[in-house]
Amino acid sequence: AQSVTQPDIHITVSEGASLELRCNYSYGATPYLFWYVQSPGQGLQLLLKYFSGDTLVQGIKGFEAEFKRSQSSFNLRKPSVHWSDAAEYFCAVVTSFYSSASKIIFGSGTRLSIRP
Amino acid sequence: GAVVSQHPSRVICKSGTSVKIECRSLDFQATTMFWYRQFPKQSLMLMATSNEGSKATYEQGVEKDKFLINHASLTLSTLTVTSAHPEDSSFYICSAPNRGQGGTYEQYFGPGTRLTVT
Numbered sequence: 736a737q738s739v740t741q742p743d744i745h746i747t748v749s750e751g752a753s754l755e756l757r758c759n760y761s762y763g764a765t766p767y768l769f770w771y772v773q774s775p776g777q778g779l780q781l782l783l784k785y786f787s788g789d790t791l792v793q794g795i796k797g798f799e800a801e802f803k804r805s806q807s808s809f810n811l812r813k814p815s816v817h818w819s820d821a822a823e824y825f826c827a828v829v830t831s832f833y834s835s836a837s838k839i840i841f842g843s844g845t846r847l848s849i850r851p
Numbered sequence: 798g799a800v801v802s803q804h805p806s807r808v809i810c811k812s813g814t815s816v817k818i819e820c821r822s823l824d825f826q827a828t829t830m831f832w833y834r835q836f837p838k839q840s841l842m843l844m845a846t847s848n849e850g851s852k853a854t855y856e857q858g859v860e861k862d863k864f865l866i867n868h869a870s871l872t873l874s875t876l877t878v879t880s881a882h883p884e885d886s887s888f889y890i891c892s893a894p895n896r897g898q899g900g901t902y903e904q905y906f907g908p909g910t911r912l913t914v915t
């Protein structure tokens, strides 16, 4: 069965510093991967997604992620974080982009705090 | 882009009562919708898949008699928490897939409903 692991529960970085959030997936075939962000008490916002093509994916808010099949990873990066980036980040996988019934499996999340 | 709404955004109910949460796709139709539950500082756990015109499919460990799901139309799914207890207090989020370019589906999430059972 497919699964997603986010090894870091909580990360604190200084404002202006670079960020990398780790995500590892387990799935036999080509995975379809997402990163979502959730502010406290809010729903989810899609940052970016990967399903084929270029392994470096650009998203909103200056985020990017790189799909590395050899490492089963899809790490999220940002060169310079802003205080407004403080939130919960979820990596997720779906088994198919072509079925409306395909379920999304979420990782446990990484809480990002920003040090002024 | 596609929008999913939820109503209410917050609800407080007394133990033993039932509460209904609505999930609507505002500008697209969805034959399938998903309901998630999120406890504080935890991830989203899929509860059930709501299917328009047929029974919902529940994930293992989710009580179907307690969490009633009705997908009455192509734009509306409801989750009713029956005989609510304090342990049912949680953040409930729905999502609906919308078909975009290339025939692929993307999930759109509602803003969530905060349920507090006193």
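Protein sequences, first through last, are from chains S and E.
Counting from 1 along the first sequence, just add 735 to a position and that's the residue number in the numbering used here.
Counting from 1 along the second sequence, just add 797 to a position and that's the residue number in the numbering used here.
Where is the CB? At the ideal position from N, CA and C, for every residue including glycine.
Since this is a predicted model, take the numbers as computed values, not measurements.
Check the Cβ-Cβ distances between E:F906 and every residue of chain S, and say whether any is below 7 Å. What you label residue 906 of chain E is simply residue 109 of the second sequence in a count that begins at 1. Cβ-Cβ to chain S under 7 Å: yes for E:F906.
With 7 Å set as the bound, which would you pick, yes or no: does the beta-carbon of E:S855 sit closer than that to a beta-carbon of chain S? Position 58 of the second sequence, counting from 1, holds the residue named residue 855 of chain E. The displayed chain sequence assigns Tyr, not Ser, to residue 855 of chain E. Output row for E:Y855: interface = no.
Cβ of E:Y833 within 7 Å of Cβ of E:L843? Counted from its first residue, the second sequence places residue 833 of chain E at position 36. Counted from its first residue, the second sequence places residue 843 of chain E at position 46. It is a contact, given that the beta carbons lie within the stated cut-off.
Just how far apart, CA to CA, sit S:I849 and E:S806? Walking along the first sequence from the start, residue 849 of chain S turns up at place 114. Walking along the second sequence from the start, residue 806 of chain E turns up at place 9. Cα to Cα, the separation comes out at about 28 Å.
Segment limits, beta strand (DSSP E) that includes E:P837: Counting from one through the second sequence, the residue named residue 837 of chain E turns up at place 40. Here E:P837 belongs to no beta strand (DSSP E), and DSSP marks it neither H nor E.
Which whole-angstrom value is the C-beta distance of E:T915 and E:K811, which I expect to be below 8 Å? To locate residue 915 of chain E, count along the second sequence from 1; it is residue 118. To locate residue 811 of chain E, count along the second sequence from 1; it is residue 14. About 6 Å; that satisfies the 8 Å criterion.
Starting from S:S837, find everything on chain E with Cβ-Cβ shorter than 8 Å and list it in chain order. Within the first sequence, residue 837 of chain S is the residue found at index 102, counting from 1. Those are P894 and Y902, listed as they occur along chain E.
If you follow the beta strand (DSSP E) that S:I849 is in, where does it begin and where does it stop? The count along the first sequence starts at 1 and reaches residue 849 of chain S at position 114. Counting along the chain, the beta strand (DSSP E) containing S:I849 begins and ends at T845 to R850.
Cα-Cα separation between E:Q826 and E:T901, rounded to whole angstroms: Looking up residue 826 of chain E in the second sequence gives position 29. Looking up residue 901 of chain E in the second sequence gives position 104. Straight-line Cα distance between these residues: approximately 15 Å.
Nearest by alpha-carbon distance to S:P851: which of S:Y833, S:V748, S:Q737 and S:I744 is it? To locate residue 851 of chain S, count along the first sequence from 1; it is residue 116. Closest in C-alpha terms to S:P851, from the list S:Y833, S:V748, S:Q737 and S:I744, comes S:V748.
Contact under 7 Å by Cβ, S:V772 with S:L782: Along the first sequence, one-based indexing puts residue 772 of chain S at 37. Along the first sequence, one-based indexing puts residue 782 of chain S at 47. Yes, the Cβ-Cβ distance between S:V772 and S:L782 is below 7 Å.
Report the neighbours of S:G842 on chain E: residues whose CB is nearer than 9 Å to its CB, in chain order. The residue you call residue 842 of chain S lines up with position 107 of the first sequence. Neighbours of S:G842 on chain E, chain order: S840.
If the cut-off is 8 Å on Cβ atoms, which residues from the segment 819-830 of chain E count as contacting chain S, listed in chain order? A827, T828 and T829
If we ignore side chains and look at the alpha-carbon of each, how far apart do S:Y767 and S:S808 end up? As a position in the first sequence, residue 767 of chain S is number 32, starting the count at 1. As a position in the first sequence, residue 808 of chain S is number 73, starting the count at 1. Taking the straight line joining both Cα atoms gives about 12 Å.
Could you tell me if S:I840 is buried or exposed, where buried requires 16 or more neighbouring beta carbons within 10 angstroms of its beta carbon? In the first sequence, counting from the first residue as 1, residue 840 of chain S sits at position 105. When all chains shown are included, S:I840 counts as buried.
Chain-order list of residues whose beta-carbon lies under 7 Å from that of E:Q803 (same chain, five-residue window excluded): Locating residue 803 of chain E in the second sequence gives position 6, counting from the first residue. The answer, listed in chain order, is I818, E819, C820, C891, G907, P908, G909 and T910.
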